[in-house]
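Data block below; observations after.
Numbering (the UniProt record's numbering), first residue to last: 1 to 291.
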């Protein structure tokens with residue numbers, strides 16, 4: 001395999017560290033409280049045999065943020081997948097997703113993108129979590145932290161040229177934005193991320209707003225029974241992609257007509273086994289062809 005060159009670093013904005021007493025906590029153990037009762041009978045549990053897995057620290061502007069990393073033991077220059085969490089942050093489900101990608105040969109890393117706003121695992125009510133943490137995470141900060149995570153991965157066993165991004169719900173929205181932000185990304189897979197949310201001062205753009213500027217093709221995996229993401233939203237995104245860049249036009253949607261929002265979240269009642277497994281296979285094939 002050809003050794004990666006310096007072009008990856010040149011594609012990312014320069015990393016500026018400013019240590020102003022930045023304080024972060026460790027990642028949650030178990031599942032986030034606001035996720036509700038855990039459907040233990042359907043939880044997928046992936047072991048770490050043959051992997052290097054655990055919590056790491058990512059240098060970002062102002063200090064460090066915690067992240068969960070999993071990769072094949074002894075593997076060098078593994079393709080990298082950034083895993084973007086749901087509103088609940090990096091908890092056991094997201095950690096397990098990282099281990100699943102590692103078992104497939106990737107360095108998967110999930111940064112805690114709310115580290116400056118609070119600890120999402122300790123919230124018991126979703127409305128409070130949304131207003132006090134999620135809504136206060138600026139898109140600009142999220143993009144910069146993902147850039148920093150990609151850099152960290154490239155210096156810790158990951159490839160500098162083979163970079164993908166995937167995410168769920170809130171993280172699915174971020175996948176679309178990041179595929180438009182970072183020219184180093186080669187592919188994305190968005191699980192039921194909102195496509196046309198109302199803009200806010202801190203989160204001013206929706207995926208439909210940046211669709212035409214995608215720098216990497218994205219696979220959209222969506223549920224036909226998702227009450228929060230209607231088919232009109234999906235169709236609007238398809239129209240925007242069709243008028244965009246080559247990467248935008250290469251993007252595609254798979255709609256699971258009988259699946260609700262969160263159909264891949266095996267720890268929640270929304271989980272749908274058949275659709276989740278099919279979506280995972282599609283995402284795995286999507287990345288295998290592009291990374």
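Positions of the beta carbon are idealized from the N, C-alpha and C atoms, including for glycine.
Query                                                                                                                       : Result
Neighbourhood of residue 27 by C-beta distance below 7 Å, restricted to the same chain and skipping five residues each side : 55, 66, 68, 90, 112
Helix, strand or coil at residue 29 according to DSSP, with G and I counted as helix                                        : coil
Beta-carbon proximity check, residue 283 vs residue 263, cutoff 8 Å                                                         : no
Minimum length 3: unbroken beta strand (DSSP E) runs contained in the segment 75-130                                        : 78-84, 107-111
Own chain partners of residue 96 with C-beta closer than 7 Å, once the 5 adjacent residues on each side are dropped         : 44, 45, 46
Element boundaries [alpha helix (DSSP H), containing residue 282]                                                           : 273-288
Helix, strand or coil at residue 257 according to DSSP, with G and I counted as helix                                       : coil
Cβ shell of residue 78 (< 7 Å), same chain only, five flanking positions each side left out                                 : 71, 72, 105, 106, 107, 157, 158, 159
Top-ranked residue by Cα proximity to residue 183, from 272, 61, 143                                                        : 143
Limits of the alpha helix (DSSP H) - the one that residue 172 falls within                                                  : 170-181
Exposed unless 16 or more other CB atoms sit within 10 angstroms - verdict on residue 35                                    : buried
Identified DSSP bridge partners for residue 55                                                                              : 68
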